[in-house]
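Undergrad: Structure incoming, see below.
There are 2 protein chains.
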Amino acid sequence: MTQYKVTFHPHEKQIRVDENTRLIRAAMECGVHINASCGGEGVCGKCRVIIESGEVAEGVSEQLSAEDQEKGYRLACLAEVKSDVTVRVPMESSIDARVLNLQATARKTARIKDLNLDDLKEKGLFVPPVEKIYIELPLPTDADNVADMTRLVDFLRKKHDEHRLEFDLSVIRKVPDVLRQEDFKVTVTIARPVREDGKNRIINIEPGDTSDRNYALAVDIGTTTVYGEIIDLKAGRVLAQYGDFNSQISYGEDVISRIVYSEKKDGLETLNELVMSTINTVVGKLLKKSKIEPDEVSNITFAGNTTMTQLFLKIKCHNLRRSPYVPASLIYPPFKPSEIGLALGDHVTVLVYPQVSSYVGGDIVSGIMGSGMYNDEELTLYIDIGTNAEVVIGNKDWMVCAACSAGPAFEGGGIKLGMRATEGAIEDFSIDPVTLEPMNVTIGNVRPKGICGSGLIIIVATLFEMGIVDNRGKFNRDLDTDRIREKDDVYEYVLAWADVSGTDRDIVLNEIDIDNLMRAKGAIYSGCMTLLAEVGLSIGDISRIILAGGFGSYVDLEKAMTIGLLPEIDAEKVIFVGNGSLMGARMSSLTNRIRRDVTQTIKRITNFELSETQSFMDNYIAALFLPHTDLNLFPKLKSRMDKRRKDMDNLSRG
Amino acid sequence: MTQYKVTFHPHEKQIRVDENTRLIRAAMECGVHINASCGGEGVCGKCRVIIESGEVAEGVSEQLSAEDQEKGYRLACLAEVKSDVTVRVPMESSIDARVLNLQATARKTARIKDLNLDDLKEKGLFVPPVEKIYIELPLPTDADNVADMTRLVDFLRKKHDEHRLEFDLSVIRKVPDVLRQEDFKVTVTIARPVREDGKNRIINIEPGDTSDRNYALAVDIGTTTVYGEIIDLKAGRVLAQYGDFNSQISYGEDVISRIVYSEKKDGLETLNELVMSTINTVVGKLLKKSKIEPDEVSNITFAGNTTMTQLFLKIKCHNLRRSPYVPASLIYPPFKPSEIGLALGDHVTVLVYPQVSSYVGGDIVSGIMGSGMYNDEELTLYIDIGTNAEVVIGNKDWMVCAACSAGPAFEGGGIKLGMRATEGAIEDFSIDPVTLEPMNVTIGNVRPKGICGSGLIIIVATLFEMGIVDNRGKFNRDLDTDRIREKDDVYEYVLAWADVSGTDRDIVLNEIDIDNLMRAKGAIYSGCMTLLAEVGLSIGDISRIILAGGFGSYVDLEKAMTIGLLPEIDAEKVIFVGNGSLMGARMSSLTNRIRRDVTQTIKRITNFELSETQSFMDNYIAALFLPHTDLNLFPKLKSRMDKRRKDMDNLSRG
């Protein structure tokens, strides 16, 4: 995609962005604050900027007079970059100009590169679990009246060098009609074995040539959300994604309350039916969206935490919440859709990611496998933040893991106006340290409805670094602004007033939210530190952090370190993979090697129960601050804060 | 069992029989004719004999006066042998005494020995497809909280040297509760692989020690009847047998009419449901009879002809009756009961015998495997006579086979009063050549209701050899007896008058019946001859005949040769195996070797389509006589008939 340079004055900051990027995102990206509270819908009209040179599209609304438009004013939240552009952010006061450098910092994000089939092919790893082959069979005669399946198998053996073939009963049921539908021209779907000496299994047969329509599904069964993807196995790319709330949610937000419910009479059956109905909805939507028939899907891979996996497979969960926390099984055999009530044909092979323990499940194993961590020399810290959080440390030779009772703050749980990373969620933010005016950027550029995980990290980190919130998570009571107020005995900051919000209510963040965030990030940080200590390592030994979770499209790494969620480490050592569980399920559809390697891999992972580790509680209590009781653990933040304090002192003295 | 000697006067014939054998059967066995038309229920009172020495039990009825009883008279049909016995058959006329040696001939039957576990063990062939192992697992602790399945598999590996273990989803579903029901003391069912390097599959887990309750089912799906057996895999013996009419029978008596019906709308579904309901009934009765729970069955093996197998598996049969007669598949994968609607738990593995062609099916393959023919040096002629007949010739190196359109005469089809070999069927017969009085022996010793296959052979052979029926199957019109009469333009012989029959009607055999029998036996005989000729052999090259079919408990071999059903061969070379299909299914439950060998075996069998073989029709027409147009093919019969003719001539001259 074409990129253009955007220069912001008077900040003198530059950034290269893709064509059509909105100016407000370009500003956020390089650390330029522009007041903007309506999320980017052009409603509040505060984000006026002057285009000094270059071309932008859009950027006008009734908030801008014709006269202003003439002068080059545009709304930064609406204007799209169409060439190299020079933009001036108008300063409303001399104060504004002097605090330019105290405002936002440039985003430091990391993402792994997208699915790359060529890369997989190059490494010899493109070994999809199912393959389609088009064949034209000789017609039967009196002299050659072998059985239909014999004709098929013999031909594949002789003409396509396919050996060790076996087949399902469902294929035998189809074969007489399918062969004769288009004169013995058919496409055969073959499921490949995990090991090269295994059996090749004919799982489907279709009339004519359908070899270019070969699809797989990947599904992450989250406690809160079920995400699915449909993958084109011929092209090696994702065709569609779809997510929906796990219908079990009405029986409890976390795994413990689900387990408790499952123990009631018919509880397991109820929860099983609910999650299956969500899964069938997600699968149905994906098929519809991508115009694919159920019969064209050859493979489906699931990944989920241990509780979600057992509920989905209708396996009792009693023992998962009772010491000594014993899951029913770590691995699951491949099986057919009808065995679990999945609305796909029985030619489909269902694969389910294995577990490590009752609280480190298939979602984590999926992330470890899909990210390649299991096969890598580099010593990696893998952190998955979902409705709970899990941490894995290790490399291809060994791994240790632990579950942290972090709770669902990063998914919006326990946060008054928290929400998932969907349209209307504030996902980015900065603040003018003098006027305390916000710059809210929402997913979908619509009026803000709430705060998603990545937004929450950025908001709290920014408020803390600006001195608006202290290290105990309390608002500075002395600031002169109506955006900070006490309501029902709780202090809160108003991100967007009701008149520009998407909910007709003020969008706020309060001290209880911050407290919950601190507990969550404290549990994760102390989990990492405790696990490192258990294996005699420190954060300096880690070459790489892989961060997985449903925060939104990106996580600002510096901000994540500012609140003490992540230990301080070079940003380039951090990779954000988004939904790690889904990623692994997707990778399993593209390369059978993962299925081959995963059973060995889970044997190499040692599980730690943090609650039984002496030092964990000490680490946890020390981490219940922003960023931590010991600021020396965050030297870069410390030096930034020292500098800022001096700048602010100078400013107030100036 | 204790045996005793029975001596008959004035015949001077002796026979050893089991204790409690009824005298009428002992007489029949050694060729002593006693008038007896009521089948053995003591109603007609004709079978009076005098016990000259030794002890019998029972044998009295109201037909015998107290005075007669005092004199030692007993009814032969009721009297049971309790010691060595001397019996005198009263002669009503001097004629009677003179024709003693013209009466019945001793039975020449052959049976394979019963299932012998020791024999299988000795040969290293006792390798049941499923095994149960009782284990006592260590309890989980904080320090040892591995998953339930891991605990199980690790223990089996370490303590029982069980390797390459995999398991079903259904086992994972059971494991949490079952382990905790009796303190981690459980019995595990392991399905053994066909090949030694295959996987061992844990298919079931039960609380406590149930290792001595391990059962398998074997089922023969016949066109007319479904027979099942339940087998104790620990003891290696059959516990119960049960047979029921295939409910499909209301949609046609033979496979062609079933196929035709299956092509109608919902026809396949209807026939499938019908046979499954019969199978489920048979399975249910077997379980009930032997007081076994469905969960205690680990394995079920089915054998049936190609049409029955395809209908049972819900596979379209269109092509089976259309040139070039292509079946859907020769082999079937193992699958779970739910895939076919079988009322057993999904821990059960369902095995189905493979086919050779559209008209030589799994029932024949089952017989070849179960009888050991497939693995034997001896050149064998295998004949299976059911609703149709199939012939196989060969040994362990090669085999040829053909289906003969024999029709169901030997199962009672096309015979006016034909019936299956169940209670009330006349299964044995002799006749007084002068008075033409019959000696009927029925299954269950009850009043006769009809004629089963073995009875039909004996009756027709006897009537023919006595000159009562000629070689075209026509009754001698000159005989002076009311037992031979013309009714509705058809000649018939009255086996039992209505007053002693079990149906309140005369039990008869007519010329149409004989004609149908000749067509059936002609098709089989000519099939054998044609097949032998195709491979350049003659009957003299055959070392052994294996005869399978549902005739009854035995077939009189001499009589079968007399009517020309079997070629003349030494009786000791003939083995009668009863239901060959069921036998093979039973053997598959006791030794996994059969499953290993069967796929290779069917590849060694060459199928001939008799209808496309030039000489078949000539052979068939020549065989439509008793026994054949060319009596020289039956030299022993010829010499017997010559001798008998001379005897009769002497008698009439005397």
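The listed protein sequences derive, respectively, from chains A and B.
End of the first sequence sits at 925 in our numbering; the numbers just go up one at a time, nothing left out.
End of the second sequence sits at 925 in our numbering; the numbers just go up one at a time, nothing left out.
Beta carbons: idealized from backbone N, C-alpha and C, even for Gly.
1) Applying a beta-carbon distance threshold of less than 8 Å, which residues of chain B neighbour P411 (chain A)?
2) Going by C-alpha distance, which of A:P625, A:S548, A:I654 and A:E880 is nearest T872 (chain A)?
3) With respect to the alpha helix (DSSP H) encompassing P1004 (chain B), which residues constitute its N-terminal and C-terminal limits?
4) At what residue ranges does the stretch 579–647 of chain A contain a whole run of the alpha helix (DSSP H), taking only runs of 4 or more?
5) Find the nearest neighbour of G616 (chain B) within the set B:L652, B:V623 and B:S569, judged by alpha-carbon distance.
6) Could you tell me whether the stretch 898–917 of chain B touches the stretch 754–773 of chain B, where touching means 3 or more Cβ pairs closer than 8 Å?
7) At a CB distance below 7 Å, what residues from the stretch 405–430 of chain B approach chain A? Give them in sequence order.
8) Any beta-carbon of chain B closer than 8 Å to the one on I586 (chain A)?
9) Residues of chain A with a CB under 8 Å from the CB of V446 (chain B): which are they?
10) Roughly how many angstroms separate the alpha carbons of I654 (chain A) and L613 (chain A), rounded to a whole number?
11) Any beta-carbon of chain A closer than 8 Å to the one on Y624 (chain B)?
12) Classify M547 (chain B) as helix, strand or coil using the three-state DSSP reduction.
13) Secondary structure at L650 (chain A), three-state DSSP: helix, strand or coil?
14) Examine chain B for any beta-carbon lying closer than 8 Å to the beta-carbon of F583 (chain A), and answer yes or no.
15) What does D439 (chain A) touch in chain B if you count any residue whose Cβ is under 7 Å from its own?
16) So, with DSSP's three-state summary, where would you put D936 (chain A)?
17) Which residue comes first and which comes last in the beta strand (DSSP E) that contains H280 (chain B)?
18) Helix, strand or coil for L408 (chain B), going by three-state DSSP, please let me know.
19) Measuring alpha carbon to alpha carbon, tell me which residue in B:G325, B:V331 and B:V848 is nearest K317 (chain B).
20) Pop quiz: E736 (chain A) and T833 (chain A) are said to be a contact at Cβ under 8 Å. What is the actual Cβ separation, rounded to whole angstroms?
21) Whose C-beta lies closer than 8 Å to the C-beta of V717 (chain A) among residues of the same chain, with five residues either side of it excluded?
22) Kindly indicate which residue of B:G514, B:R378, B:P411 and B:V771 has the alpha-carbon position closest to the one of G493 (chain B).
23) Helix, strand or coil for Q519 (chain B), going by three-state DSSP, please let me know.
24) Tell me the DSSP secondary structure of R718 (chain A) in three-state form.
25) Would you report the Cα separation of K687 (chain A) and D784 (chain A), rounded to the nearest angstrom?
26) Could you say if the stretch 492–507 of chain A and the stretch 456–466 of chain A meet the contact criterion of at least three C-beta pairs nearer than 8 Å?
27) On the CB-based measure, 16 or more other CB atoms within 10 Å of its CB, does N863 (chain B) come out buried or exposed?
28) Can you tell me where the beta strand (DSSP E) holding R484 (chain B) begins and where it ends?
29) Who are the near neighbours of Q274 (chain B) in its chain, counting only those whose CB is closer than 8 Å to its CB and skipping five residues on each side?
30) When you compare only the Cα positions, how much space is there between G821 (chain B) and A350 (chain B)?
31) Identify which residue in A:L545, A:V597, A:A673 and A:I656 has its Cα closest to the Cα of K792 (chain A).
32) Distance check for L391 (chain A) and V314 (chain A), CA to CA, integer angstroms please.
33) Looking only at its chain, what residues have a beta carbon closer than 6 Å to the beta carbon of V303 (chain A), apart from the 5 residues adjacent to it on each side?
34) Between A819 (chain B) and the rest of its own chain, which residues show a CB-CB distance below 6 Å, the 5 nearest in sequence each way excluded?
35) Would T733 (chain A) and I702 (chain A) qualify as a contact pair, given that the criterion is a beta-carbon distance under 8 Å?
TA: Looking at the coordinates:
1) P595 and V597
2) A:P625
3) For chain B, the structure presents residues 272 to 925; residue 1004 (chain B) sits outside this window and is missing.
4) 633–641
5) B:S569
6) no
7) P411, T412, D413, N416, A418, D419, M420 and T421
8) yes
9) A599 and S600
10) Going from the Cα of I654 (chain A) to the Cα of L613 (chain A) covers about 31 Å.
11) no
12) helix
13) coil
14) no
15) P604
16) Residue 936 (chain A) lies beyond the residue range present for chain A, which begins at 272 and ends at 925; the question has no answer from this structure.
17) Q274 to H280
18) DSSP places L408 (chain B) in coil when its eight states are reduced to three.
19) B:V331
20) With 8 Å as the limit, E736 (chain A) and T833 (chain A) qualify as a contact, their Cβ atoms being about 6 Å apart.
21) G310, G311, E312, E694, G695 and G773
22) Looking at the Cα atoms, B:G514 is the closest of the given residues.
23) helix
24) Collapsing the DSSP output to three states places R718 (chain A) in coil.
25) 6 Å
26) no
27) buried
28) Run containing R484 (chain B): none; DSSP gives neither H nor E here.
29) R287, V288, D289 and E290
30) 28 Å
31) A:I656
32) 46 Å
33) F279, H282 and K284
34) G638, D655, V848 and G851
35) yes
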